[in-house]
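The listed protein sequences correspond, in order, to chains H and D. Numbering-wise (this note's numbering), the first sequence opens with residue 1 and increments by one. Numbering-wise (this note's numbering), the second sequence opens with residue 1001 and increments by one. For each residue, glycine too, the CB sits at the ideal point set by N, CA and C. No experiment lies behind these values; they were computed from the predicted model shown. To keep things clear, I will list the structure first and then write my remarks on it.
There are 2 protein chains.
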Amino acid sequence: MANEFGEYVRDKRERLRKTDPAFSIRRLADRINLEPSYLSKIERGLEAPPSCKKIVLLAEELGEDSDVMLALAGKVSADLLEVIRRRPALFGIILRELRDLSDYAILRLVSEARDGKW
Amino acid sequence: MANEFGEYVRDKRERLRKTDPAFSIRRLADRINLEPSYLSKIERGLEAPPSCKKIVLLAEELGEDSDVMLALAGKVSADLLEVIRRRPALFGIILRELRDLSDYAILRLVSEARDGKW
DNA sequence: ACATATGAGTAGTATATACTACACACTACA
DNA sequence: TGTAGTGTGTAGTATATACTACTCATATGT
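So, in structure tokens, the structure goes:
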């Protein structure tokens, strides 16, 4: 668990770089307005992951899911936090209830909701 | 929305203080290991809400729901964040799906889950 | 009247967050 | 052989977070 975020970025970036020189540290860092040396350090785990906003931009550039990348950085998307903060007691209950259910059970539940049964 | 957290604390504390002198700023602050002047400023909105840990202790002392108090402070409980971070893609989907459902619909969903239908 | 307790005022601090600026050695290629 | 680009090293910074320490006038209780 030492440097999941950095390794994830480096792996993905290097894979993209094999076929596209726009994915050098320098050029990628430029596109998301970061210093190349800073991104380099992040990839190697010498610096903590950047801010949520930069992570979201990074995810877009790398074609990755921003929720997943935020999670690797130990963070949660601002819009999800807002969902909880609007009805904290309710979402506290539901999240603790769903915590130990399988992915499958949760998806079934959501599709029930989506079908507008209630 | 200026100072919901502080007002909430002050209201609840003063109500308790009417029948129990243990709810003076000083004595309450002592129990949760805060400087009284700091708690005073928080209640009046001159300081931002304290850390999550202090908010949880405060909620316990005041007999309030810590999820609600954290939300008033613009925060979310660490254990709920952890639920999301463990399965970010899944809980991203579910939270955005449930965001616009009524309390009732969500509670129905929870009871379905609790009944162990799946 | 006097000790004690109360809320509030002023000033300052340690630590973390989220970076930037600049310089360097190495590599590729034209 | 030069120049353009690559990843990385060192050093430093601005801002926010989360508080403490001490002080003081006022209010309360005996």
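Can you find a C-beta in chain D that's less than 8 Å from the C-beta of P50 (chain H)? no
Nearest-angstrom Cα separation, counted from A1105 (chain D) out to E43 (chain H): 43 Å
Please confirm whether D1067 (chain D) has its beta-carbon closer than 8 Å to some beta-carbon of chain H. yes
Three-state class that DSSP yields for S1042 (chain D) in the structure shown: The amino acid at residue 1042 (chain D) is misidentified as Ser; the sequence shows Ile. Three-state DSSP puts I1042 (chain D) in a helix.
Can you give the Cα-Cα distance for V1068 (chain D) and I93 (chain H), rounded to whole angstroms? Straight-line Cα distance between these residues: approximately 12 Å.
Could you tell me the distance, in whole angstroms, from the CA atom of N1003 (chain D) to the CA atom of P88 (chain H)? 18 Å
Quick one: complete alpha helix (DSSP H) runs, 4+ long, within the stretch 1050 to 1095 of chain D? 1052 to 1062, 1066 to 1072 and 1078 to 1086
Proximal residues of chain D, C-beta to C-beta of L109 (chain H) below 7 Å: L1109, E1112 and A1113
Please confirm whether A1029 (chain D) and C1052 (chain D) have their CB atoms less than 8 Å apart. no
Taking only three categories from DSSP, how would you classify E1112 (chain D)? helix
List the whole-angstrom C-beta distance separating D103 (chain H) from L1098 (chain D), where the pair is believed to meet the contact cut-off of C-beta under 8 Å. The pair is not a contact, with the Cβ atoms about 16 Å apart (cut-off 8 Å).
Using C-beta distances below 7 Å, list every residue in its chain close to L70 (chain H), excluding the 5 sequence neighbours before and after it, in chain order. For L70 (chain H), where only same-chain residues beyond five positions count, the Cβ hits under 7 Å are C52, I55, V76 and S77.
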